[in-house]
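Q: Per this note's numbering, residue 45 is the first one in the sequence shown, and the count goes up by one each step.
All residues carry an ideal CB built from backbone N, CA and C; glycine is no exception.
Note that the structure is predicted; figures quoted are calculated from it, not measured.
The structure is given below, and queries will be raised subsequently.
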Amino acid sequence: MNYPMRITTLLLNSLLMAAPAQAEETRYLGLCDASAAVALGETHFVVADDDRHVLTIYQRGKPEAVACVELLRNSGECLPRAKATKSDIEGAARIGDRIYWISSHARNQDGEIKAQRRQFFATDVLASAASPTVSAATPPYTRLIEDIAADPRFAVLSTASKQAIDPEMPGGLNIEGLTATPDGQLLIGFRNPLSEGKALLLPLRNPAAVIDQKARPVFGDLIALDLGERGIRSIDFVAPRFAIVAGPVGGKKSGKGFAL
């Protein structure tokens, strides 16, 4: 993920809505490639690093982490230990006391499919006297791409999923955004592919059933957004609107800069 700190800063600014308008800047330590974050309350938040299989909890205003949650130990199957060096968790969204997490579902740079990159899972928020934490709900759902590809409405995504290429190349598949809607659905944001130059959002209507019952996902119609030939690099609901970080499909030299 390119420009990780810029994206994470924007995401945290939208997530930590309880922070005062003139809050002092804090540099949080311990993560090099933070990729998703969710507020656990007014004082704490949890962060994923797309290179690790650990969720890190911070207290607002304090640089050092207060806790870490090992996904391998909690979920068993979330990220296979032998291949846990690149989790590629890219998005997170909270509905009630549950946080949904999604990995990129992208191939690696060599165009190879890696199981640890195809994870949709959830953690439940646990309040405690000391500080809030999270615990994995159940093992992850791992067939999201197959379900998407099987739906004739999503031909552009099906085609992209079959491309054995670097996911940052035109026509590859790469998820980087996840947010909740007011009615309890999720929106999955794609960095890649674009469809006729437009970014893509896919509604997931039954996230709880997918996680708890391993039900087949129920998708809404694909949403195409004109973001100036940029993909979705982060998305969050900030009532009454959605805030989107739009950015290049490819790397640093792909031509398009970031926009909010």
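When you compare only the Cα positions, how much space is there between S351 and A150?
A: Coverage of the chain is limited to positions 45 through 304, which leaves residue 351 absent and any answer about it impossible.
Q: Are there 16 or more other CB atoms within 10 angstroms of the CB of T203, so buried, or fewer, so exposed?
A: Sequence index remark: in the sequence shown, residue 203 carries index 159 (1-based). Burial call: exposed.
Q: What does the alpha-carbon distance come out to for the pair D168 and A180?
A: The residue you call residue 168 lines up with position 124 of the sequence shown. The residue you call residue 180 lines up with position 136 of the sequence shown. When rounded, the distance between both Cα atoms is 6 angstroms.
Q: Report the option in V178, R277, F286 whose CA atom is closest to the CA atom of G135.
A: Along the sequence shown, read from residue 1 onward, the residue named residue 135 stands at position 91. Nearest of V178, R277, F286 to G135, Cα basis: R277.
Q: Which two residues bound the contiguous beta strand (DSSP E) that contains S179?
A: Walking along the sequence shown from the start, residue 179 turns up at place 135. Segment 177 to 180, the beta strand (DSSP E) holding S179.
Q: Check each candidate in V91, H97, R96 and name the one with the smallest Cα separation from V110.
A: Taking the first residue of the sequence shown as 1, we reach residue 110 at position 66. The residue with the shortest Cα to Cα distance from V110 is V91.
Q: Contact between the segment 204 to 224 and the segment 137 to 151 is defined here as three or more beta-carbon pairs at a separation below 8 angstroms; is this criterion met?
A: As far as the Cβ criterion goes, the segment 204 to 224 touches the segment 137 to 151, which means the pair count is three or higher.
Q: Between which residues of its own chain and L170 is the CB-CB distance below 6 angstroms, once the five residues before and five after are set aside?
A: The count along the sequence shown starts at 1 and reaches residue 170 at position 126. Excluding sequence neighbours, L170 sits near T177, S179.
Q: Measure the alpha-carbon distance for L271 versus A174 and round it to whole angstroms.
A: Against the sequence shown, residue 271 aligns to sequence position 227. Against the sequence shown, residue 174 aligns to sequence position 130. So the two alpha carbons sit approximately 43 angstroms from each other.
Q: In the DSSP assignment, the alpha helix (DSSP H) including D256 goes from what residue to what residue?
A: Walking along the sequence shown from the start, residue 256 turns up at place 212. Segment 251 to 257, the alpha helix (DSSP H) holding D256.
Q: Starting from I189 and walking both ways along the alpha helix (DSSP H), at which residues does that stretch end?
A: To locate residue 189, count along the sequence shown from 1; it is residue 145. Element bounds for I189: 188 to 193.
Q: Return the CA-CA distance between G275 and Q257, expressed in angstroms with no decimal places.
A: Translated into positions along the sequence shown, residue 275 becomes position 231. Translated into positions along the sequence shown, residue 257 becomes position 213. Their backbone Cα atoms lie some 32 angstroms apart in a straight line.
Q: With respect to the beta strand (DSSP E) encompassing S239, which residues constitute its N-terminal and C-terminal limits?
A: Start at 1 with the first residue of the sequence shown, and residue 239 comes out as number 195. Element bounds for S239: 230 to 239.
Q: Within the same chain, show all residues whose beta-carbon is closer than 6 angstroms to that of T186, passing over the 5 residues directly before and after it, in chain order.
A: Here residue 186 refers to the residue found at position 142 of the sequence shown. Taken in chain order, the residues that qualify are R162.
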